[in-house]
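A.B. asks: Counting from 1, position 171 in the sequence shown corresponds to residue 186 in the working numbering; the numbering is continuous, with no gaps.
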Amino acid sequence: MAYREPPKPGQRRIALVHAIPVSIEPINKAFATHWPEAWVFNLLEDSLIAGLTEAGGFTPLFNRRVTDLCRYCVDTGADAILFTGSAFGPAVDAAKAKTTIPVFKPYEAMIEAALAAGSRLGIVASFRGTFEPFKADVMAAAKKPIELFTEEATGALEALEAGDSATHDRLTAEAAARLPACDAIMLAQYSLARAAPLVKHPKVLTPPDAAVLHLKRLFDGR
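(1) Ala-140 lies in the beta strand (DSSP E); which residues open and close that run?
(2) Can you tell me the Cα-Cα spacing of Val-98 and Ala-174, whole angstroms?
(3) Secondary structure at Glu-167, three-state DSSP: helix, strand or coil?
(4) Residues in the same chain with beta-carbon distance under 7 Å from Cys-197, minus the five sequence neighbours each way, listed in chain order, please.
(5) Tell me the rounded alpha-carbon separation between Asp-235 and Asn-43.
(6) Between the beta-carbon of Ala-110 and the beta-carbon of Cys-85, is there less than 7 Å?
(7) Enumerate in chain order the residues of its own chain whose CB-to-CB distance from Ala-93 is below 7 Å, with the five nearest sequence positions on each side excluded.
(8) Starting from Phe-46, trace the beta strand (DSSP E) in both directions and tell me its first and last residue.
(9) By a C-beta neighbour count over all protein chains shown, 10 Å radius and 16 as the cutoff for buried, is Ser-101 buried or exposed?
(10) Determine contact between the segment 120–130 and the segment 145–161, defined as no fewer than three beta-carbon pairs at a distance below 8 Å.
(11) Measuring only the C-alpha atoms, how far is Glu-20 from Ala-157?
(12) Val-118 by DSSP, collapsed to three states: which one?
(13) Look at Trp-50 and Gln-26 and say whether their C-beta atoms are less than 7 Å apart.
(14) Check whether the Cβ atoms of Leu-172 and Phe-142 sit closer than 7 Å, and answer yes or no.
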């Protein structure tokens with residue numbers, strides 16, 4: 016890996032915290048597309064999912080692990096922290112109150128965009144643990160009656176991790192097609208974003224694009 020120059024004066028430094036390697040490419044691609052001026056770095060902690068299972072949920076000890084990751088990012092000089100792991104919402108919420116810079120869950124901006132699109136919303140995920148925290152966040156953000164519909168892209172994540180991206184994308188699109196009529200479809204994980212072009216719906220939202228555009232507006236005002 017080539018040596019990286021440090022950020023230039025005034026350049027925004029964004030910390031990206033990942034729980035699985037396949038989340039790294041989609042968010043870096045989104046930054047390159049929508050906000051290439053930002054200086055981003057990737058922090059991979061691939062024991063978080065196993066740690067959550069071992070802890071039996073969002074215990075104080077597990078939540079502290081997530082808060083400690085945020086503290087590390089603050090020490091690097093980051094201006095904001097974006098988590099790309101979709102199953103850690105409650106722990107990220109707990110960390111927000113103890114962190115001195117903005118901390119974002121992976122899909123906050125996408126949820127805002129989906130709620131603006133309508134009240135019948137579809138959710139596709141390839142990791143079952145994503146659904147409950149994701150749905151809780153959508154309901155908490157909604158200021159109107161909404162209906163949520165979910166479909167699991169079973170086997171898609173495993174296919175992607177095995178290098179079979181075509182099967183991953185096909186299974187994701189098939190899961191989206193099983194949803195009833197919706198105002199918007201949310202692909203609930205960063206790893207699913209690559210399949211968006213195959214989803215036949217006029218309003219397909221992905222967490223990486225929505226998150227980067229939100230961060231750009233927050234710091235650059237546009």
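Backbone N, C-alpha and C define an ideal beta-carbon position, used for all residues, glycine too.
All of these numbers come straight from a predicted model, not from anything done at the bench.
C.D. replies: This is what the structure holds:
(1) The count along the sequence shown starts at 1 and reaches residue 140 at position 125. Per DSSP, Ala-140 belongs to the beta strand (DSSP E) from 135–140.
(2) Numbered from its first residue, the sequence shown carries residue 98 at position 83. Numbered from its first residue, the sequence shown carries residue 174 at position 159. The amino acid occupying residue 98 in the given sequence is Phe; Val does not appear at that position. The straight-line gap from Cα to Cα measures roughly 23 Å.
(3) Walking along the sequence shown from the start, residue 167 turns up at place 152. Here Glu-167 sits in strand by DSSP.
(4) Reading the sequence shown from its first residue, position 182 is the one you call residue 197. Correct list, in chain order: Arg-135, Leu-136, Gly-137, Phe-164.
(5) Stepping through the sequence shown from its first residue, residue 235 is reached at position 220. Stepping through the sequence shown from its first residue, residue 43 is reached at position 28. C-alpha separation (whole angstroms): 18 Å.
(6) Within the sequence shown, the letter at position 95 stands for residue 110. Within the sequence shown, the letter at position 70 stands for residue 85. Yes; because the gap between Cβ atoms is below 7 Å, this pair is in contact.
(7) Position 78 of the sequence shown, counted from the start, is the residue given in the question as residue 93. Counting only Cβ-Cβ distances below 7 Å, and skipping sequence neighbours, we find Arg-28, Ile-29, Ala-30, Ile-116.
(8) Taking the first residue of the sequence shown as 1, we reach residue 46 at position 31. It is not in any beta strand (DSSP E) - Phe-46 instead sits in the alpha helix (DSSP H) that spans 39–49.
(9) Against the sequence shown, residue 101 aligns to sequence position 86. It is buried - the Cβ of Ser-101 has at least 16 other Cβ atoms within 10 Å.
(10) yes
(11) For the purposes of this step, residue 20 is identified with residue 5 of the sequence shown, where counting begins at 1. For the purposes of this step, residue 157 is identified with residue 142 of the sequence shown, where counting begins at 1. Roughly 42 Å separates the two Cα atoms.
(12) Mapped onto the sequence shown, residue 118 falls at position 103. DSSP places Val-118 in strand when its eight states are reduced to three.
(13) On the sequence shown, position 35 is the one that residue 50 refers to. On the sequence shown, position 11 is the one that residue 26 refers to. Not a contact, by the Cβ cut-off of 7 Å.
(14) As a working note, residue 172 is residue 157 in the sequence shown. As a working note, residue 142 is residue 127 in the sequence shown. Contact flag set, yes.
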